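Take a look at the structure set out below.
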Amino acid sequence: MTDIRRELYALVQKGESAEVEFKSARGGFPGSFWETYSAFANTNGGTIILGVQEKEGKFLFDGLSEETALKYKKNFWDNAHNRGKVSVCLPHEQDVEVKEIDGAYLLVCHIPRAEYNMRPVYLTTNPIGNTYRRNHEGDYLCTDAEVRRMFADAEHESHPQDAIIRKGFTLENAIDLPSLHQYRQLFASLHPTHPWAKLTDDLQFMEKIGAYSHNIATGESGITRAGLLMFGQSDMITNPAGEPYYFVDYQERLYTDDAKVRWTDRIYPDGTWEANLFQFYIRVYNKLIQALPKPFKLVGDERQEETAAHDAVREALINCIVHQDLNATGNIVVRRTETELTFSNPGMMLVSKQQYFKGGRSICRNPTLQKMFMLLGKAEKAGSGVDKILAGWKELGWDEPKLTEEVQPDYVVLTLPIGKTPQENPVRKPHKKTPQENPIRKSDKKEQRLQQIMDFCSEPRTSSEILAMLGLADKKNLMEVYITPMITEGLLSMTEPDNPTSRNQMYVATKADKP
100 MTDIRRELYA LVQKGESAEV EFKSARGGFP GSFWETYSAF ANTNGGTIIL
150 GVQEKEGKFL FDGLSEETAL KYKKNFWDNA HNRGKVSVCL PHEQDVEVKE
200 IDGAYLLVCH IPRAEYNMRP VYLTTNPIGN TYRRNHEGDY LCTDAEVRRM
250 FADAEHESHP QDAIIRKGFT LENAIDLPSL HQYRQLFASL HPTHPWAKLT
300 DDLQFMEKIG AYSHNIATGE SGITRAGLLM FGQSDMITNP AGEPYYFVDY
350 QERLYTDDAK VRWTDRIYPD GTWEANLFQF YIRVYNKLIQ ALPKPFKLVG
400 DERQEETAAH DAVREALINC IVHQDLNATG NIVVRRTETE LTFSNPGMML
450 VSKQQYFKGG RSICRNPTLQ KMFMLLGKAE KAGSGVDKIL AGWKELGWDE
500 PKLTEEVQPD YVVLTLPIGK TPQENPVRKP HKKTPQENPI RKSDKKEQRL
550 QQIMDFCSEP RTSSEILAML GLADKKNLME VYITPMITEG LLSMTEPDNP
600 TSRNQMYVAT KADKP
């Protein structure tokens, strides 16, 4: 059996799916062909095969002649190039072929997924009421809102969602200053010589990172959508003039068989914290990394706490935040169970799944939010973020991440399967030491030093004083492993936050709790 025959037999035996459609053409070129064309183009692409009909759950050949199949092929190309029939011709010559199998001829049409800037692909000259997409049940007519979102995606480079200026929102009435200052402290600790770290005015800093903007064309100035979402007070974010349907959700369900328990931990806007994206990221990331094995790798005399898996989780969480469609129905949902981590964000993918896993191409709906995370060294713009995700999971030997697209409503869901966590120190079978016999584990070393820093910084201390107290010599390591993360988590603050690079800079504990 030839490869073509084998492929066709496999498709026929498999039956219809979200990416395969069979259509009878015994009575002529089927009019429903173009609805499926539009649906495939606006979803994930697919294959339409003319000359096969379904009868009692079985797929049977129409028995088309070669002449008829060739006539249908010409009909296809005539209409595909007719803007009165369909908005764009996507297939190339090699994508549409006449094939023979068991004496019957078929027309096989491979319809590519349309690029984001070519969507929506619609019939006639009016996209409203003539645009289709695909779900597991077949083709469906898109709502007006879906069509508008596709047009918005097509123009996202010139009109990014998160760059919109929100009128009426100001630094004084809308921004959570502790969140903004926490971000600034982290930025300054990572980039102490950067000119933005020396800015004394919060509004100037916000303008540099895109949280505040001035539109030269209109003369309009104000807090951007990105600025409000990243640093806003909860009640101002959800103000009717802001993002009234904003909601972020982390759900954790661990070690319970009780069906009545929906989750064992949850982070959502419950009024106990300022639920902006920056605070959500900090809280959720620290929850997610608890699912990872603790590394046992020394750099010098210091244990390396971060691994490729940490980078993977960080990248997955940030991708979920910056690639969300702010105009779509739904909200960000991050889940942790004993078997997987899932990251769900509303919206359609702007690249195909194949391109996503291939990497090398970055298309982001919210470039300002992406920039804010990049300035903290937390995001990739060159399309290499997925490489970090795959590499992190491969290093652990866990199953490969999976990506799915859901429709009605639109969601992109990334799943990171969790495997068995290897023990850091293998136990020798001949003898089990009691807790009293075991020396203090190296894994506790960092926790001990964190507590030492907290206790020592009950009064303001310089980095040199902290180094001397710990008996260490590497200031860069101190900042990267201890001081900067503690500032990020709100455990330490700078005595001179407006001048992070000051020679007189000192650090003081802000919480009495053990880190």
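Just so we're aligned, residue 100 is where the sequence shown starts under our numbering, counting upward by one. Glycine included, every Cβ here is placed at the ideal spot set by N, Cα and C. Quick caveat: nothing in here was measured; it's all calculated off a predicted structure.
Give every residue of the same chain whose Cβ lies closer than 7 Å to the Cβ of residue i, excluding the five residues on either side of it in the sequence, and list them in chain order.
i: K613; result: A caution first: K613 carries a pLDDT of 42, below 50, which makes its placement in the model unreliable, though a value can still be read off. If we look at K613 and ignore the five residues flanking it on each side, its Cβ neighbours are Q550.
i: I488; result: A411, E414, A415, P500
i: D238; result: E134, T135, A138, Y231
i: K172; result: V195, V197, L206
i: D486; result: G458
i: L577; result: S562, I565, L566, L571
i: A608; result: M553, C556, S557, L590, L591
i: C463; result: V421, H422, Q469
Leaving out five residues on either side along the sequence, give the residues of the same chain with a beta carbon under 6 Å from the beta carbon of residue i.
i: G491; result: A407, A408, D410, A411
i: S432; result: This sequence places Val at residue 432; Ser is not what is there. Hits under 6 Å: D348, S443.
i: K532; result: Residue placement at K532 is flagged as unreliable, the pLDDT there being 42, under the threshold of 50; a coordinate-derived value is accordingly withheld.
i: R602; result: none
i: H290; result: A296
i: P534; result: Because the pLDDT of P534 is 42, which lies under 50, any placement of that residue in the model is unreliable, and the number read from its coordinates should be weighed accordingly. Result list for P534: empty, nothing under 6 Å.
Which whole-angstrom value describes the C-beta separation of residue i and residue j, a residue pair presumed to lie in contact below a C-beta threshold of 8 Å?
i: P430; j: V347; result: The residue you asked about is not Pro; residue 430 is Asn in the sequence shown. N430 to V347, Cβ: 6 Å. Contact.
i: A262; j: A325; result: 7 Å
i: F268; j: I322; result: 4 Å
i: I517; j: E405; result: Not really, about 18 Å apart at Cβ, beyond 8 Å.
i: N426; j: Q303; result: No, N426 and Q303 are not in contact; Cβ-Cβ is about 30 Å, not under 8 Å.
i: F121; j: E153; result: 7 Å
i: L240; j: V185; result: The Cβ separation is near 15 Å, so there is no contact.
i: Q332; j: A253; result: Contact flag wrong, Cβ pair sits at about 33 Å.
i: Y455; j: L502; result: 6 Å
i: L513; j: T583; result: Incorrect: roughly 27 Å between the Cβ atoms, too far for contact.
i: I417; j: K477; result: 6 Å
i: F160; j: A124; result: Rounded, the Cβ-Cβ distance is 11 Å, inconsistent with contact.
i: V220; j: V187; result: 6 Å
Please work out which residues of its chain come closer than 8 Å, Cβ to Cβ, to residue i, disregarding the five sequence neighbours upstream and downstream, and give them in chain order.
i: N143; result: A117, E118, R212, R233, S451, K452, E504
i: S320; result: I264, Y311, S312, H313, N314
i: Y510; result: G429, S443, N444, P445, G446, E504
i: V360; result: R352
i: F128; result: L149, Y171, N174, F175
i: K386; result: Y349, E351, D364, I366, R435
i: Q604; result: T561, S562, M593, T594, E595, N598
i: P508; result: A427, T428, G429, P445
i: R548; result: L569, Y581
i: W362; result: Q350, E351, R352
Hey, out of the options, whose CA is closest to residue i's CA?
i: L169; options: L149, G183, N181; result: L149
i: L189; options: E199, L205, G145; result: G145
i: N141; options: E199, Q152, F158, M217; result: M217
i: H255; options: E564, T587, K519, H422; result: H422
i: E546; options: I420, G126, N418, V580; result: V580
i: Q350; options: P343, T337, Y384; result: Y384
i: P392; options: M605, T514, Y367, L495; result: L495
i: Y380; options: G183, C419, A340; result: C419
i: H191; options: C208, G370, S257, L571; result: C208
i: L328; options: A478, G318, Y344, S563; result: Y344
i: E558; options: K574, M593, D573; result: M593
i: G183; options: F160, N225, R560, L270; result: N225
i: P368; options: M335, R247, Y354, E306; result: M335
i: V506; options: E236, N181, D177, G202; result: E236
i: K266; options: G476, A478, E342; result: E342
i: K519; options: A390, I227, D301; result: A390
i: Y460; options: I210, E214, P339; result: Here residue 460 is Arg; the residue named in the question, Tyr, does not match the sequence. R460 has its Cα closest to that of E214, out of I210, E214, P339.
i: I308; options: V187, T337, T467; result: T467
i: I210; options: N229, A179, R548, R248; result: A179
i: I147; options: V187, G130, T355; result: G130
i: M305; options: V187, E271, T292; result: E271
i: I586; options: K574, A244, K575, Y606; result: Y606
i: I388; options: E437, D424, T355, Y354; result: E437
I'd like to confirm something about residue i: is its beta-carbon nearer than 7 Å to some heavy atom of the ligand FAD, or not?
i: F158; result: Although the ligand FAD was asked about, the structure shown includes no ligands whatsoever.
Taking only runs that begin and end inside the stretch 436-487, name each unbroken beta strand (DSSP E) of 3 or more residues, in chain order.
-> Within the stretch 436-487, the complete beta strand (DSSP E) runs of at least 3 residues are 439-445.
Can at least three beta-carbon pairs, one atom from the stretch 279-292 and one from the stretch 444-453, be found at a separation below 8 Å?
-> Contact between the stretch 279-292 and the stretch 444-453 is absent, because fewer than three Cβ pairs lie under 8 Å.
Three or more C-beta pairs below 8 Å linking the stretch 271-278 and the stretch 374-389 = Note that the stretch 271-278 touches the stretch 374-389; at least 3 beta-carbon pairs, one per stretch, sit closer than 8 Å.
Any 3 or more C-beta pairs closer than 8 Å across the stretch 466-475 and the stretch 553-560 = The stretch 466-475 is not in contact with the stretch 553-560.
4 or more residues per run - each alpha helix (DSSP H) lying fully within the stretch 197-283 | Here the runs fully enclosed are 243-253, 270-273.
Does the stretch 155-165 come close enough to the stretch 186-195 that 3 or more CB-CB pairs lie under 8 Å?
-> Result no; under three Cβ-Cβ pairs closer than 8 Å.
Going along the chain, which unbroken runs of the alpha helix (DSSP H) with 4 or more residues stay wholly within the stretch 127-198?
-> Qualifying alpha helix (DSSP H) stretches, in chain order: 132-141, 165-179.
Whole alpha helix (DSSP H) elements within the stretch 304-380, 4-residue minimum | Within the stretch 304-380, the alpha helix (DSSP H) runs of at least 4 residues that lie entirely inside it are, in chain order, 324-330, 333-336.
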